[in-house]
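2 protein chains.
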Amino acid sequence: MPIYNENILMLRNGRWQMMSEPIHFDRSVAGVGPAASFAQAWCNANESEQIGLIPCAEGGSSIDEWNAEETLFCHAISEAKFAMKTSELIAILWHQGESDSHSEKYKDYYRKLDVLVNSFRKELGVTEVPFIVGGLGDYLGKSGFGRSCVEYDLINQELLRYAENNRNCYFVTGERLYSNPDGIHINAESQRRLGIRYFEAYQTKSNVNKPLDNEVEIVNLCCEKEYTIAEKRYITLEQFTLGEGSLEEVMKFFK
Amino acid sequence: MPIYNENILMLRNGRWQMMSEPIHFDRSVAGVGPAASFAQAWCNANESEQIGLIPCAEGGSSIDEWNAEETLFCHAISEAKFAMKTSELIAILWHQGESDSHSEKYKDYYRKLDVLVNSFRKELGVTEVPFIVGGLGDYLGKSGFGRSCVEYDLINQELLRYAENNRNCYFVTGERLYSNPDGIHINAESQRRLGIRYFEAYQTKSNVNKPLDNEVEIVNLCCEKEYTIAEKRYITLEQFTLGEGSLEEVMKFFK
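Line order of the protein sequences matches chains A and B.
Using our numbering, you'd call the opening residue of the first sequence number 14 and step up by one each time.
Using our numbering, you'd call the opening residue of the second sequence number 14 and step up by one each time.
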């Protein structure tokens, strides 16, 4: 169930474009993440306002790779600064930890996360910006590429503890999320529900410790909106470029 | 015919990843460009060395949008600087002009291109770096989104004149390139041949005024290489992530 909404933008080459998933492009096979349903829920609560997404995720990265001297951090700051030329930063969504779910790495995770959160806020000049952290899925530690993530629950405890102890930081649970066949990546349906949890934390300024009773319904509502002319034009052009439909059909929108 | 080569990298989040097309992500439906076959031809001539691609293209952009004060230029510089932390910039490939192929915009194109080339070289501290410009396709000015590009040939004349008059600048012809059904974008097969022309200009330090007699054969050679273990692992994982093959098959590569 794709989400198209002319009020949801994504950063490309330092500029805003209408969102089309995948938002992330760190890997060729990047799929659906939690940001799109977060953004759609935000739009439902902020009618006729626009929201922009700044993709910075890096598949398979450890928290050490997000150290403030490392490229991932510097690049994320650089991208955010391009975005902030024309917009206000309203939240940072963090979902990471699989690569730190072994070898007692959880023992340093709180401290490293603290440095990271403070570095992001300081570098971007947004000391009060909400920082929302997502728990890792219960399916970890079992199969495929997730097999080695045996300490995911200990990372989750650190994420929750961090949110409980720090101003404008919130935790959302990773309970009842399901994985792709690779055993490590959250599947698209679960990512949609996770995005709704992120928005709940953002909106209520509180931790989401349990899955929401109505998250499936909220997701369905997010994906079922009626398309505007601009959205229909966008979708028709996209489909045409992928080989569906006729040129005449598309050109009708560009008269 | 996809190109996979562990010696061809692309910039993602400021870091190098093995290339997988599409390299560009300015639009969700971005496809094959000239850079991959350029890179493969480069690898054929520079055995066991690595080449990296820095994607900066922006679909539909006019040369004014690449002005040195504009976001596209600033973002491209920012990306290139991340790349140059770990590599040497050996060339800049330019293919643009469709959006300037009407309303006598060609009259200012040479001057604007000159400012742009000098700005890129100055900002990146590479005054001698080859700047290779590609001609626009003969199919323009006729149908679909290309219909309005009636002055594409006048832009081509300016591109060629610019290359003839400026040090370390080379022109490659856009003759005998074919478009997608949209009437504006070069199709994948033609992009492959265009990349070979770009490499010919780079390698011979001269303009490529005619299609190469053997460009189809060179493209076939580029795409027919035997895969290394690393490439097979990459492809198998990519296919699995897209739903093909079994987890067991993939995990064999990660033992």
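Virtual Cβ for every residue (Gly too), placed ideally from N, Cα, C.
For the C-beta of B/F95, the chain A residues within less than 7 angstroms are, from N- to C-terminus, T84, H88. Under the 8 angstroms Cβ criterion, the region 84-96 of chain B counts as touching the region 24-38 of chain A, having at least three qualifying pairs. Against chain A, the beta carbon of B/D195 has neighbours under 9 angstroms at L250, F253, T254, L260, V263, listed in chain order. Check the Cα spacing between B/E188 and each of B/E262, B/N57, B/P224: the tightest is with B/P224. Each of B/Q170, B/V232, B/L153 was checked against the Cα of B/E213, and the nearest Cα belongs to B/V232.
For A/F267, the number of other beta carbons within 10 angstroms of its own is below 16, and it is reported as exposed.
Between the C-alpha atoms of A/N179 and A/V185 there is a straight-line separation of about 14 angstroms.
Here A/I231 carries a helix assignment [DSSP, helix/strand/coil]. Here the C-alpha atom of A/I197 lies approximately 10 angstroms from the C-alpha atom of A/S112. For B/I21, the enclosing beta strand (DSSP E) starts and ends at 21-25. Per the C-alpha coordinates, the member of B/L260, B/L234, B/E34, B/N220 positioned closest to B/P143 is B/N220. Shown here for A/V130: same chain residues with a beta carbon closer than 6 angstroms to its own, the five before and five after excluded, namely F144 in chain order. Assignment of beta-bridge partners to A/I168 by DSSP yields no partner. Residue state for A/C182 is assigned as strand, using DSSP reduced to three classes. Proximity to B/Y191 across B/V128, B/S116, B/K155 peaks at B/K155, based on C-alpha coordinates.
Nearest to B/H108 by C-alpha distance, out of B/E244, B/C162, B/W55, B/E71, is B/E71. Taking C-beta atoms as the reference points, A/C69 and A/H115 fail to come closer than 8 angstroms. DSSP, reduced to helix, strand and coil, places B/R160 outside both helices and strands of the structure shown, so it counts as coil. For B/V142, there is no enclosing beta strand (DSSP E), since its DSSP letter is neither H nor E. Counting only Cβ-Cβ distances below 7 angstroms, A/S112 has no contacts in chain B at all, with the closest Cβ about 14 angstroms away.
Residue contact check for B/D39 against chain A: a CB pair falls below 8 angstroms. Of all residues in the region 167-198 of chain A, those with a C-beta nearer than 9 angstroms to a C-beta of chain B are N193, P194, D195, G196, H198, reading in chain order. Taking 8 angstroms as the cut-off, the beta carbon of A/A201 is found closer than this to the beta carbon of A/V45.
One finds nothing in chain A with a Cβ atom closer than 7 angstroms to the Cβ of B/G159; even the nearest lies about 11 angstroms away. Under a criterion of Cβ atoms nearer than 9 angstroms, the residues of chain B adjacent to A/E71 are, in order, R25, N26, R28. For A/G65, the uninterrupted beta strand (DSSP E) segment begins and ends at 64-66.
Taking a C-beta cut-off of 7 angstroms against chain B, the contacting residues of the region 42-54 of chain A are V42, listed in chain order.
Neighbours of B/S91 in chain A, taken as residues whose beta carbon is under 7 angstroms from its own, are S91 in chain order. Beta-bridge analysis with DSSP links B/W107 to B/V146. The beta carbon of B/R40 is closer than 6 angstroms to those of G72 in its chain, skipping five residues each way along the sequence. When 7 angstroms is used as the limit between beta carbons, A/S33 is near these residues of chain B: S41, in chain order. The three-state secondary structure of A/V263, taken from DSSP, is helix. For the set B/L250, B/A176, B/K245, B/C236, the Cα lying nearest the Cα of B/Q53 is the one of B/C236. A/V221 carries a strand assignment under DSSP once its states are collapsed to helix, strand and coil.
For B/W55, the enclosing alpha helix (DSSP H) has its first and last residue at 48-58. In the three-state reduction of the DSSP assignment, B/M97 falls in the helix class, which pools H, G and I.
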